[in-house]
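Peer 1: The structure that follows is given in the form of structure tokens.
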Amino acid sequence: MSLANPLPPSSPAPFLNIRISSADHQDHVMHSPFSRGLSSSSSSSPRVSISPAPLAPHNRSTVFGDLFSPRSKLYSTAHIPALTKALSSPRSLSSFGFDARKAAKENRENACGSQKSGSSNRAERKRPARLAIPESARLASLGKAKQFVLPEQGSDTYQHEVELFAVAAKRGRKERMEDSYTAATNFHGNPKQAFFGVFDGHGGKHAAEFAAANLSRHVSAALQHQKDAKTCTEDALLNAYRNTDAEFLNQRLSSGACAVSVLLNEGEMVVANTGDCKVVLCRGGKAESLSTLHRASNEVERQRIEDLGGFVDCYNGTWRLQGTLAVTRGFGDAHLKSWVSAEPATMRKEITSDCEFLILASDGLWDQMSDQEVVDCARSILMEADKDNILRPISKNIPSATQLSYVNNKEVTLQGSPSKTNACNELIRIACHRGNRDDITVMIVPLKTFAIPEC
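Numbered by the UniProt record's numbering, the letters in the sequence shown go through residues 1 to 455 in order.
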């Protein structure tokens with residue numbers, strides 16, 4: 001063993017003073033030439049100076065911990081690098097009857113045991129798993145209305161069909177589905193009244209789920225305060241959208257959501273939408289768009305934002321509000337609320353005998369297919385089912401609340417055939433085949449039940 005600064009031959013051998021408290025609680029002072037435990041030649045002895053400096057009792061973690069603990073406590077250390085090399089020799093401290101390797105092994109075994117014991121104790125003290133209560137379980141009752149809300153499940157796809165509507169959805173490349181929907185039939189106990197909505201979330205799922213769970217409640221409350229519900233339904237929808245947005249902002253949750261909804265009320269429909277969700281009417285085989293797209297590329301919306309002090313820029317071919325958001329209206333988006341309005345565009349339309357069905361969908365569908373393509377595809381599937389006389393009730397004894405069909409568990413208890421679901425799924429398949437990577441939700445609502453009867 002050679003050291004950088006050996007002592008000259010004429011120099012006296014240095015001494016090492018170490019105080020050890022042994023198991024019998026007696027203090028022992030080892031006073032001996034340092035060279036005795038290293039080699040017979042004093043020229044190989046290192047220049048080491050150690051001054052006893054007792055440490056605090058709680059601070060026992062030193063370089064010598066593996067050598068002395070648990071049999072003794074080391075109270076004095078100095079010049080650690082040189083002394084570490086010295087004590088690594090098998091002959092170190094052997095002359096004092098101390099087996100350093102045995103002590104180190106005991107220390108490591110004890111340390112291992114304490115770690116295992118600590119981890120098991122932590123496992124025993126672990127808090128129980130959080131109980132997740134589905135959002136739908138907390139919905140307020142809508143009188144005699146039957147409300148259907150997107151189930152909270154981690155599946156990539158789902159579908160649901162009853163006599164009055166069908167819906168299907170597919171998760172895109174996001175980790176979790178951010179689309180949602182709501183459907184309230186027999187609204188206010190009236191079989192000629194219903195409310196449907198599709199919600200496309202962004203930046204998280206909270207806004208879409210909140211709107212799906214609460215918008216119909218606000219619509220119901222707004223209609224009850226109207227003296228003439230038939231002429232004031234547009235105002236009722238406006239107030240419902242504003243109140244839902246204000247309520248969500250009070251939750252202090254992130255994310256936002258576009259929305260499209262339809263209130264069917266005694267022979268007429270009132271459509272409302274924010275963002276780029278859309279509803280299209282099939283009238284006699286022709287597609288009629290009933291929505292206004294609120295995107296940053298819309299000149300009217302761009303002017304509105306600039307008048308409010310905001311700006312719209314083009315990033316990678318897409319116009320964006322404040323350089324971030326492609327839509328300009330919707331629920332949530334608290335950090336952009338100075339420019340993102342929750343006030344929807346509305347339209348009132350009479351439901352005549354040639355009104356066949358409505359298609360409500362998120363932008364994942366409309367970005368890949370034209371309105372007429374969507375109508376043609378859905379209509380061909382529905383008409384084929386009519387020709388085969390498939391659209392008939394299976395049983396009048398099946399309650400509508402159990403007429404559900406989910407892809408995951410293959411549970412099928414439908415009233416009528418799954419033709420509407422097939423149409424929804426086919427539209428999703430085509431959109432994904434054309435390159436859609438976003439979440440996509442498609443809802444089909446036949447209008448025969450809500451049409452004005454012919455004289």
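All C-beta atoms, glycine included, are put in the ideal place defined by N, C-alpha and C.
Does DSSP put I444 in a helix, in a strand, or in coil?
Peer 2: Position 444 of the sequence shown, counted from the first residue, corresponds to residue 444. Correct three-state label for I444: strand.
Peer 1: By alpha-carbon positions, which one of I440, S370, N186, R434 ends up nearest to E288?
Peer 2: The count along the sequence shown starts at 1 and reaches residue 288 at position 288. The shortest Cα separation from E288 among I440, S370, N186, R434 belongs to S370.
Peer 1: Give the straight-line distance between the Cα atoms of R320 and L365, rounded to the nearest whole angstrom.
Peer 2: As a first step, residue 320 must be located in the sequence shown, where it is residue number 320. As a first step, residue 365 must be located in the sequence shown, where it is residue number 365. Distance between the alpha carbons of R320 and L365: 20 Å.
Peer 1: Using a Cβ-Cβ cut-off of 7 Å (strictly less than) and excluding sequence neighbours within five positions of T318, which residues of its own chain qualify?
Peer 2: One-based indexing of the sequence shown puts residue 318 at position 318. Hits under 7 Å: A326.
Peer 1: Only counting runs of 3 or more residues, tell me where the beta strand (DSSP E) segments fall wholly within the segment 270-338, in order along the chain.
Peer 2: Qualifying beta strand (DSSP E) stretches, in chain order: 278-283, 286-289, 312-315, 318-321.
Peer 1: Figure out for me which residue from E373, T449, H202 has the closest Cα to the Cα of C424.
Peer 2: To locate residue 424, count along the sequence shown from 1; it is residue 424. Answer by Cα proximity: E373.
Peer 1: Nearest chain C C-beta to Q303 closer than 8 Å, yes or no?
Peer 2: This model lacks chain C altogether, as it is built from one protein chain only.
Peer 1: Among the candidates N190, N250, A259, whose CA atom is the shortest distance from the CA of T449?
Peer 2: Taking the sequence shown and counting its residues from 1, one reaches residue 449 at position 449. Among N190, N250, A259, the Cα nearest to that of T449 belongs to N190.
Peer 1: Which term fits V300, buried or exposed, when burial requires 16 or more other beta carbons within 10 angstroms of its beta carbon?
Peer 2: Along the sequence shown, one-based indexing puts residue 300 at 300. Flag for V300 reads exposed.
Peer 1: Counting pairs of beta carbons, one from the segment 246-258 and one from the segment 344-356, are three or more of them closer than 8 Å?
Peer 2: No, they do not touch.
Peer 1: Taking a contact to mean a Cβ-Cβ separation below 8 Å, would you say S255 touches G310 in this structure?
Peer 2: The residue given as residue 255 occupies position 255 in the sequence shown. The residue given as residue 310 occupies position 310 in the sequence shown. No, Cβ-Cβ distance for S255 and G310 is not below 8 Å.
Peer 1: Tell me the rounded alpha-carbon separation between M443 and C377.
Peer 2: Taking the first residue of the sequence shown as position 1, residue 443 is located at position 443. Taking the first residue of the sequence shown as position 1, residue 377 is located at position 377. Distance between the alpha carbons of M443 and C377 is about 14 Å.
Peer 1: How many angstroms separate the CA atom of R171 from the CA atom of D276?
Peer 2: Mapped onto the sequence shown, residue 171 falls at position 171. Mapped onto the sequence shown, residue 276 falls at position 276. Spanning the two alpha carbons is a distance of roughly 18 Å.
Peer 1: Identify every residue that forms a DSSP beta bridge with I359.
Peer 2: One-based indexing of the sequence shown puts residue 359 at position 359. I359 is bridged to V280, I444.
Peer 1: Reducing DSSP to helix, strand and coil, say where D438 ends up.
Peer 2: Working through the sequence shown from its first residue, we reach residue 438 at position 438. In the structure shown, D438 sits in coil (DSSP, three-state: anything other than H, G, I, E or B).
Peer 1: Just grab the DSSP bridge partners of N265 for me.
Peer 2: Mapped onto the sequence shown, residue 265 falls at position 265. Bridge partners of N265: Q193.
Peer 1: When you compare only the Cα positions, how much space is there between K192 and D333?
Peer 2: Along the sequence shown, one-based indexing puts residue 192 at 192. Along the sequence shown, one-based indexing puts residue 333 at 333. Rounded to the nearest angstrom, the two C-alpha atoms are 35 Å apart.
Peer 1: Distance, Cα to Cα, Q303 vs F331?
Peer 2: For the purposes of this step, residue 303 is taken as residue 303 along the sequence shown, with counting starting at 1. For the purposes of this step, residue 331 is taken as residue 331 along the sequence shown, with counting starting at 1. Spanning the two alpha carbons is a distance of roughly 20 Å.
Peer 1: Comparing C-alpha positions only, which one of S220, D363, C282 sits nearest to M383?
Peer 2: Position 383 of the sequence shown, counting from 1, holds the residue named residue 383. Cα-wise, what sits closest to M383 is C282.
Peer 1: Can you tell me whether M177 is helix, strand or coil according to DSSP?
Peer 2: Reading the sequence shown from its first residue, position 177 is the one you call residue 177. Reduced to three states, the DSSP call for M177 is coil.
Peer 1: Rounded to the nearest angstrom, what separates S395 and Q226 at their Cα positions?
Peer 2: Position 395 of the sequence shown, counted from the start, is the residue given in the question as residue 395. Position 226 of the sequence shown, counted from the start, is the residue given in the question as residue 226. Below a pLDDT of 50, predicted positions are generally treated as unreliable, and S395, at 35, falls in that range; the measurement from the model is reported next regardless. Those two C-alpha atoms are separated by around 38 Å.
Peer 1: Could you give the first and the last residue of the continuous alpha helix (DSSP H) run that contains R429?
Peer 2: Within the sequence shown, numbered from 1, the residue matching residue 429 stands at position 429. From DSSP, the alpha helix (DSSP H) with R429 extends over 419-433.
Peer 1: Apply the 10 Å Cβ neighbour rule to L215 and answer buried if 16 or more other Cβ atoms are within range, or exposed otherwise.
Peer 2: If you number the sequence shown from 1, residue 215 lands on position 215. Buried: at least 16 other Cβ atoms inside 10 Å.
Peer 1: How about A169 and I430: do their beta carbons lie closer than 8 Å?
Peer 2: In the sequence shown, counting from the first residue as 1, residue 169 sits at position 169. In the sequence shown, counting from the first residue as 1, residue 430 sits at position 430. Their beta carbons are not under 8 Å apart, which means A169 does not touch I430 by this criterion.
Peer 1: Going by the CB atoms, is the gap between L308 and A272 shorter than 8 Å?
Peer 2: One-based indexing of the sequence shown puts residue 272 at position 272. One-based indexing of the sequence shown puts residue 308 at position 308. It is not a contact, given that the beta carbons lie outside the stated cut-off.
Peer 1: Cβ atoms of E161 and S180: under 8 Å apart, would you say?
Peer 2: Numbered from its first residue, the sequence shown carries residue 180 at position 180. Numbered from its first residue, the sequence shown carries residue 161 at position 161. Not in contact: S180 and E161 (Cβ atoms no closer than 8 Å).
Peer 1: For K337, which option in A212, D354, A257 has the closest C-alpha, if you only look at C-alpha atoms?
Peer 2: Numbered from 1 along the sequence shown, position 337 holds the residue referred to as residue 337. Of the candidates A212, D354, A257, the one whose C-alpha sits nearest the C-alpha of K337 is A257.
Peer 1: Looking only at its chain, what residues have a beta carbon closer than 6 Å to the beta carbon of N436, apart from the 5 residues adjacent to it on each side?
Peer 2: As a first step, residue 436 must be located in the sequence shown, where it is residue number 436. Correct list, in chain order: G364, Q368.
Peer 1: For F199, I'd like the list of residues in its chain whose CB is within less than 6 Å of its CB, leaving aside the five on either flank, ordered along the chain.
Peer 2: Residue numbering aside, residue 199 sits at position 199 when the sequence shown is read from its first letter. So the list reads S180, A208, A211, A212, A257, A259, once near-sequence residues are dropped.
Peer 1: What span of residues does the beta strand (DSSP E) with E159 cover, start to end?
Peer 2: Translated into positions along the sequence shown, residue 159 becomes position 159. The sequence given here places Gln at residue 159; Glu does not occur at that position. That run of the beta strand (DSSP E) goes 157-161.
Peer 1: Check whether the Cβ atoms of residue 457 and T346 sit closer than 8 Å, and answer yes or no.
Peer 2: The structure shown does not extend to residue 457, since the chain spans only 1 to 455, so no value can be given for it.
Peer 1: Can you tell me the Cα-Cα spacing of D354 and T185, whole angstroms?
Peer 2: As a position in the sequence shown, residue 354 is number 354, starting the count at 1. As a position in the sequence shown, residue 185 is number 185, starting the count at 1. For D354 and T185, the distance between alpha carbons rounds to 22 Å.
Peer 1: So, using beta-carbon positions, are T328 and Q159 closer together than 8 Å?
Peer 2: By 1-based counting over the sequence shown, the position of residue 328 is 328. By 1-based counting over the sequence shown, the position of residue 159 is 159. No, Cβ-Cβ distance for T328 and Q159 is not below 8 Å.
Peer 1: Looking only at C-alpha atoms, which of V219, R379, G267 sits nearest to T182?
Peer 2: Position 182 of the sequence shown holds residue 182. That would be V219, whose Cα lies nearest to the Cα of T182.
Peer 1: Anyone know if the C-beta pair for S419 and A385 falls short of 8 Å?
Peer 2: Against the sequence shown, residue 419 aligns to sequence position 419. Against the sequence shown, residue 385 aligns to sequence position 385. Yes, the Cβ-Cβ distance between S419 and A385 is below 8 Å.
Peer 1: I think V445 touches V262, with their Cβ atoms under 8 Å apart; what is that distance to the nearest whole Å?
Peer 2: Locating residue 445 in the sequence shown gives position 445, where the first residue counts as 1. Locating residue 262 in the sequence shown gives position 262, where the first residue counts as 1. Yes, they are in contact, since the Cβ atoms of V445 and V262 sit about 7 Å apart, within 8 Å.
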